[in-house]
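Following: one structure in structure tokens, then a few remarks.
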Amino acid sequence: MTLPGVLLLDAAGPEAGALARAAAARGHRVHAATTAAACSGYGPELKGLLAGHIVTDFARPGRALDEIAAYARRHGVGAVLTVNEYLTELAAYLCAELRVPGNDPGRARAARDKAAMAKAFAAAGVRAPHTVLVRDDAGLRAALTDPQVGFPCVIKPLSGAGSAGVTVVTGPAGVAAAADAARATAGMYDSGADPRVLVQAYAAGTEYSVESLTQDGTTTHLAVTRKQLTDGTTRVETGHSLPVHLPPAMEANVYREAAAAIRAAGIRHGASHTEVIVDTDGRCTVIEIGARLAAGQIGVLIQHALGLDIWTALLDAALARPAALAPTAHRYATVRFITSDRAGRLTSVCGFPTTGPGVPFVRWRAAIGSLVHEPGANSHRLGSFVVTGTDANEVEERADALVRRVRIHVEPTSPNTGQVRPASTSAIAP
1 MTLPGVLLLD AAGPEAGALA RAAAARGHRV HAATTAAACS GYGPELKGLL
51 AGHIVTDFAR PGRALDEIAA YARRHGVGAV LTVNEYLTEL AAYLCAELRV
101 PGNDPGRARA ARDKAAMAKA FAAAGVRAPH TVLVRDDAGL RAALTDPQVG
151 FPCVIKPLSG AGSAGVTVVT GPAGVAAAAD AARATAGMYD SGADPRVLVQ
201 AYAAGTEYSV ESLTQDGTTT HLAVTRKQLT DGTTRVETGH SLPVHLPPAM
251 EANVYREAAA AIRAAGIRHG ASHTEVIVDT DGRCTVIEIG ARLAAGQIGV
301 LIQHALGLDI WTALLDAALA RPAALAPTAH RYATVRFITS DRAGRLTSVC
351 GFPTTGPGVP FVRWRAAIGS LVHEPGANSH RLGSFVVTGT DANEVEERAD
401 ALVRRVRIHV EPTSPNTGQV RPASTSAIAP
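Here it is as structure tokens:
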């Protein structure tokens, strides 16, 4: 019996690699739809897993849809998956074209375009921040006088990801720079910056995310994840920890709002990642939703804390098979991301952990000699590691202790000449 082929939209990155390995281990032929630039960066392991690939242009989604659908039919593809934030809408249309399990293409834009998301949330009654779409400076001034916005507020791009271009603005003085940052942030496959931005009421409280898997419209919430964030005008995630055990009434409230957001975004088959804020009164506000498994090693955390084979579960959902979602372990896992507290050229790293007991995953991304940045987006992370154990407090303490051992050497560069100034050494803290 020939098993259906599995197609990944963009197979780059650790999450896509894990999906490819899971599909290949099940005996499926694995295919990738990719760009020429991304394909050239695929490593030997991934290339060895792929039965074939198609190079297309994701910046032209209509053409990409036709090309990928034709390729998928030729190769007997029966499941389409992506962990790429920017390709979830294309995935929904492709699944509909191929008549394989997928999300509602008519509502899939709500998980990508944040103006469409706000509109969908409002129509579905999801508790979410008041959001205004701004097209020009006059609209920006009007939005800031809206009594439902006020200060502090959040200014963000329409379709960015990873906190890029998102600014918390506390007063009029920061508005122009925040709007410029949002306008300058282009999506991965966008042709250029978008002059439109979103102005959103600020939701105060503790940030969590809800990791869920939906099968044929029925959603199972796998875990609540606590976020660690930078302070100040940018809020870059520096750590994730799961599972978080909320008080029963609060947990029910969080799951109820997450489920409403999942329905509003038309998520019928596959993973979702819902970011929420819970205030001091236990009220839950949905900030955003993604129609994908969370990035930032959350899949690794689920695997080690809950004992779930999340990659196989995603594959099963895409193939309309019942996924095994009952936890087989009751542990705790956290990830820490290393960032630089200054911009410059990275010249050395020491003290970064290695894998071993209780540290099942480490990843260093920044090459010596490369330019690094102060954290303004998740893409500015230099590396990460995961710590696991049975006691939440012990796991958190060990992770923090490991972070304190990391030392990086950054040589600041001159903004005028691009030359390196005298070196400085900094400790990295979460």
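With our numbering applied, the sequence shown has no gaps in its numbers, which climb one by one up to 430 at the end. Every residue gets a Cβ at the ideal spot worked out from N, C-alpha and C, and that includes glycine.
Can you give me the Cβ contacts of residue i inside the same chain, cut-off strictly under 8 Å, excluding the 5 residues immediately before and after it?
i      : result
Gln419 : Reliability of the predicted coordinates at Gln419 is poor, the pLDDT of 43 falling under 50, and no value is obtained from them.
Val254 : Tyr208, Val210, Val224, Leu246, Val276, Val278 and Cys284
Leu325 : Leu213, Thr220, Leu222, Leu308 and Ala313
Ile368 : Leu346, Thr347, Ser348 and Val349
Ala427 : For Ala427, the predicted model reports a pLDDT of 37, less than 50, meaning its position is unreliable; a value from the coordinates is still stated below. These residues qualify, in order along the chain: Arg404, Val406 and Arg407.
Ile298 : Ser209, Glu211, Thr225, His240, Leu242, His273 and Val335
Lys119 : Ala110
Thr88  : Thr82, Asn103, Ala108, Ala111, Arg112, Gly290, Ala291 and Arg292
Label residue i either buried or exposed according to how many other C-beta atoms from any shown protein chain fall within 10 Å of its C-beta, with 16 as the threshold for buried.
i      : result
Pro243 : buried
His330 : exposed
Cys350 : exposed
Gln200 : buried
Gly296 : buried
Ala423 : Legend: pLDDT at Ala423 = 34, less than 50; position of this residue unreliable, value from coordinates given subsequently. By the neighbour-count rule (16 or more Cβ atoms within 10 Å), Ala423 is not buried but exposed.
Arg112 : buried
Gln148 : exposed
Asp57  : exposed
Gly62  : exposed
Leu371 : exposed
Glu394 : exposed
For residue i, which residues in the same chain have their Cβ closer than 7 Å to its Cβ, ignoring the five residues on either side in sequence?
i      : result
Cys39  : His53 and Val55
Arg432 : Only positions 1 to 430 of the chain appear in the structure, and residue 432 is not among them; the question remains open.
Glu257 : Val126, Arg127, Val276, Cys284 and Val286
Is the shortest distance between the beta-carbon of residue i and the beta-carbons of chain C less than 8 Å?
i      : result
Val100 : Looking for chain C here will not work: only one protein chain is present.
Would you identify the three-state DSSP class for residue i, choosing helix, strand or coil?
i      : result
Gln297 : coil
Ser209 : strand
Ile302 : helix
Ile289 : strand
Phe361 : strand
Arg331 : coil
Leu9   : strand
Ile54  : strand
For residue i, which residues of its own chain have a beta-carbon under 6 Å away from its beta-carbon, when the five flanking residues on both sides are left out?
i      : result
Ile267 : Asn103, Thr214 and Ala291
Cys95  : Val80 and Gly102
Ala12  : Ala38
Ala32  : Leu8, Ala11, Leu50 and His53
Going by DSSP, what residue range makes up the alpha helix (DSSP H) through residue i?
i      : result
Thr88  : Thr88 to Leu98
Ala260 : Pro248 to Ala264
Arg74  : Pro61 to Arg74
Thr225 : No alpha helix (DSSP H) contains Thr225, which is instead part of the beta strand (DSSP E) from Thr218 to Leu229.
Ser40  : Ala36 to Ser40
Arg196 : Element bounds for Arg196: n/a, residue is neither H nor E.
Glu275 : Counting along the chain, Glu275 falls outside any alpha helix (DSSP H), though it belongs to the beta strand (DSSP E) covering Gly270 to Val278.
Taking Cβ positions, are residue i and residue j nearer each other than 8 Å?
i      : j      : result
Leu382 : Ile338 : yes
Gly5   : Gly76  : yes
Leu46  : Ala20  : yes
Gly165 : Ala143 : no
Pro360 : Leu402 : no
Consider the C-beta atom of residue i and the heavy atoms of the ligand SAM; say whether any pair is separated by less than 7 Å.
i      : result
Lys114 : This structure lacks the ligand SAM; in fact it carries no ligand of any kind.
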